[in-house]
Amino acid sequence: MSATTIQIISRSKYYNWLVKNLFSSWVNTILTVIALIFVYQVGSFFLNWAIFDADFRYNFQGELIIDRGFCSKNIMPGEYGACWAIIFARWNQFMYGLYPIEEAWRVNLIYALLPLAIIGILFDKIPFRRYFIYFTFIFPFLAYFMLYGGPGLSVVGTNKWGGLLVTLFLGVTGIGLAFPLSILLALGRRSKMPIIKSLCVVFIEFIRGVPLITLLFTANVMLPLFLPDGVNPDNLLRALVAVTLFQSAYMAEAIRGGLQAIPRGQVEAAQSLGLSYWQTTRKIVLPQALKIAIPPIVNTCIGLFKDTSLVLIIGLFDLLGIGRAALADMTWTKLYYEVYVFISLVFFIFCFGMSRYSLYLEKKLKTDNS
Amino acid sequence: MSSDQVIHLEKVNKWYDDFHVLKDIDLVVHKGQKIVICGPSGSGKSTMIRCINRLEAHQKGTIIVHGTELTNDLKNIDLIRKNVGMVFQQFNLFPHLSVLDNISLAPIWVKKMPKNEAEDIAMSYLEKVKIPEQAQKFPGQLSGGQQQRVAIARSLAMNPDIMLFDEPTSALDPEMIKEVLDVMIQLAEEGMTMLVVTHEMGFAKTVADQMIFMDEGRIVEQASPDEFFNNPKSDRTKLFLSQILNH
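Respectively, the protein sequence lines represent chains A and B.
Reminder that position 48 of the first sequence reads as 48 in the working numbering, one-by-one numbering, no gaps.
Reminder that position 90 of the second sequence reads as 460 in the working numbering, one-by-one numbering, no gaps.
In structure tokens form, the structure reads like this:
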């Protein structure tokens, strides 16, 4: 077959696809045209606003934008798009909150190491996986030391943490702590011991029946009441407790779904070989159940990651809180679209990443099982 | 109780809620005996052998295995399970582990055997069931007959002195039944104590030294194969035999 015939065939393949899917009938054709016009209108409007007619650091006159008055759109109303200068001006706060800027390298280091800490958990066929997993277990201590400080490093109180740092801290730590807790809860809920079982059921159902905001308020106001006098955990820790409990209840239900999918014969076979309950759980049940439960687990993680933005209600400055603080600043006020679009974009990047990962896993699981 | 009695059931009763599955079961198994249990479905034959390694708990009566009585005492249950192997209708291999890992798992974790020693043992049993070349595969890649042979090897690797078979060939395609039965016959010839729930009457005639017929939770008839097939006492046994032998 010559190159041109291949070309013709492949061209007619596209042509056939178009005809079959987009222009198969009059109604279909009209709908296609309307949809294309709509996509074009919205897309071009957004791209013009966000990129082609937008200011980044300099306005149309070439001046560095140092407050909202310099934005092109405020100089020539109606002619120009977004003024992203607020993001540049506030970049450090978006990334680190009020973390002292001369210490920000510590946060950057942890940001850079974070992918290395989770890659070993996410992918099972990477070289040196064992060492990545070791690093995963060292990482929380390293991160605590680097971020909070200790011998040799100045202490940076969590009241100075903010922006992406708080969002990632709550999201990653919350998920990380909730995972083992949720396994215990899921196993407990299926336990034959009535007291353990009912404790787990009550815990899970209570937490799932209460909005996260309520839990955050409760943790903020009530946690000190349960602790001895003088022990006053800081706000971020209180939020972390609430987030972790919340996430563990949801994750436990996802894991329970996986546990239920394991045929009874698996447990019976393990028991008949003399394996104990914990050996059976660890070697036979959990490896299979978690594999099945990963997509729903990732779903709950996406939900939690977005929900961390609720902490602004108890006075923490996560990404959204920092954005609102920026808007409250008289120099930059009223640039709502820019700030919210930027924050959305950051959340989107992380959540879309998780979503793609979950799809990848689903595909992988399908091929593994065939 | 004489010394070669390995299993002793006395007045064993079991209920599933209101349903009385086992009614006053008495059974004595001697070392090296091969007992084939048959009966219509729902007659309690699977439940009976599942009580012997406590996959099901009985509610009344006593079950003594190797002089250890089965109670709620977990230590006794563990002790008995180590000496009693079981093969299931649905094989119940661990799909996430390779064939070799399936077999070496229990020796490593229950008997605390070093990994390479356990794998050597696993290989020797795979040779015994004639599929050593499948060691690195996963259960999903094997045929039903091969899977069941792996399941037998997995039980044998714990070196049990009693083997329970719960309808081991019922889930197999006809052409694979023989390869599994051959392994079981070989095991019987080596002197293993075996309790086999099966409808393979050809196998029963070759191997069994006792036949048991169960119906509605009771042992209706217990006899030597010769007696059982040629001169059954109860009408229900006659009816059952005529149904399964005439098709």
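We treat Cβ as the ideally placed atom computed from N, Cα and C, and that holds for glycine.
Could you confirm whether any beta carbon from chain A is found closer than 8 Å to the beta carbon of residue 385/B?
Closer than 8 Å: no.
Verify whether the separation of the beta carbon atoms of residue 546/B and residue 514/B is less than 8 Å.
yes
Any C-beta of chain B within less than 8 Å: which residues of the stretch 274 to 299 of chain A qualify?
So the close ones are 274, 275, 276, 279, 283, 284, 287, 288 and 291.
Would you check if the stretch 595 to 604 of chain B and the stretch 566 to 582 of chain B touch, i.e. whether three or more CB-CB distances between them fall below 8 Å?
yes
With DSSP collapsed to three states, give me the class of residue 99/A.
coil
Using a Cβ cut-off of 8 Å (strictly closer), state whether residue 423/B contacts chain A.
yes
In angstroms with no decimal places, state the Cα-to-Cα distance between residue 418/B and residue 494/B.
C-alpha separation (whole angstroms): 31 Å.
Three-state secondary structure (DSSP) at residue 371/B?
With a pLDDT of only 45 at residue 371/B, under the threshold of 50, the placement of this residue in the model should not be trusted; the figure read from the coordinates follows. If DSSP states are grouped into helix, strand and coil, residue 371/B belongs with coil.
Mind pulling the alpha helix (DSSP H) runs of 4 or more residues that sit fully within the stretch 219 to 268 of chain A?
235 to 260
On the three-state DSSP scale, how would you describe residue 593/B?
strand
Go to residue 393/B, then tell me how far its alpha helix (DSSP H) extends in each direction, as first and last residue.
No alpha helix (DSSP H) contains residue 393/B, which is instead part of the beta strand (DSSP E) from 389 to 400.
Chain-order list of residues whose beta-carbon lies under 7 Å from that of residue 590/B (same chain, five-residue window excluded):
The answer, listed in chain order, is 583, 584, 604, 606 and 607.
Is the beta carbon of residue 568/B closer than 8 Å to that of residue 538/B?
Yes, the Cβ-Cβ distance between residue 538/B and residue 568/B is below 8 Å.
With a threshold of 8 Å between beta carbons, is residue 162/A in contact with chain B?
no
Taking 8 Å as the threshold (C-beta atoms), are residue 59/A and residue 70/A in contact?
yes
Which whole runs of the alpha helix (DSSP H) in the stretch 48 to 81 of chain A are 4 residues long or more, in chain order?
Segments of the alpha helix (DSSP H) lying fully in the stretch 48 to 81 of chain A: 72 to 75.
Closest Cα partner of residue 436/B within the set 531/B, 465/B and 510/B
531/B
Nonlocal neighbours in the same chain, by C-beta distance under 7 Å from residue 522/B, ignoring five residues either side:
If we look at residue 522/B and ignore the five residues flanking it on each side, its Cβ neighbours are 457, 499 and 553.
Could you check if residue 133/A is buried or exposed, using at least 16 other CB atoms within 10 Å of its CB as the buried criterion?
exposed
Measure the CB-CB distance between residue 387/A and residue 204/A and report whether it falls below 8 Å.
No information on residue 387/A is available, as it lies outside the stretch 1 to 370 that chain A covers here.
Chain A residues whose Cβ lies nearer than 7 Å to that of residue 475/B
From the beta-carbon of residue 475/B, the residues of chain A found nearer than 7 Å are 283.
Check whether the stretch 183 to 198 of chain A and the stretch 340 to 347 of chain A touch, using three or more Cβ-Cβ pairs below 8 Å as the test.
no
Are residue 528/B and residue 477/B touching if we call contact CB-CB under 8 Å?
yes
Chain B residues whose Cβ lies nearer than 9 Å to that of residue 247/A
Those do not exist, as residue 247/A stays about 26 Å from chain B at its closest Cβ, beyond 9 Å.
Note down the Cα distance separating residue 469/B from residue 600/B, rounded to an integer number of angstroms.
42 Å
At a CB-CB cut-off below 8 Å, which residues of chain B make contact with residue 266/A?
462 and 464
Cβ neighbour criterion (16 or more within 10 Å) applied to residue 406/B
buried
Exposure label - residue 90/A; buried when at least 16 CB within 10 Å:
It is buried - the Cβ of residue 90/A has at least 16 other Cβ atoms within 10 Å.
So, are the CB atoms of residue 535/B and residue 571/B less than 8 Å apart?
Not in contact: residue 535/B and residue 571/B (Cβ atoms no closer than 8 Å).
Decide yes or no for the touch test of the stretch 187 to 201 of chain A against the stretch 149 to 168 of chain A: beta carbon pairs closer than 8 Å, at least 3 of them.
Fewer than three pairs of CB atoms, one per stretch, sit closer than 8 Å, so the stretch 187 to 201 of chain A makes no contact with the stretch 149 to 168 of chain A.
Measure the CB-CB distance between residue 265/A and residue 162/A and report whether it falls below 8 Å.
In this structure, residue 162/A does not lie closer than 8 Å to residue 265/A by Cβ.
Same chain only: Cβ atoms within 7 Å of residue 14/A, ignoring 5 sequence neighbours per side
none
Would you mind sorting residue 101/A into buried or exposed? The rule is 16 or more other CB atoms within 10 Å of its CB.
Answer is exposed; the Cβ neighbour count stays below 16.
Taking the continuous beta strand (DSSP E) assigned at residue 172/A, which residues delimit it?
Here residue 172/A belongs to no beta strand (DSSP E), and DSSP marks it neither H nor E.
Considering only C-alpha positions, which residue in the set 273/A, 225/A, 254/A and 18/A is nearest to residue 208/A?
254/A
Limits of the unbroken beta strand (DSSP E) element including residue 563/B
563 to 567
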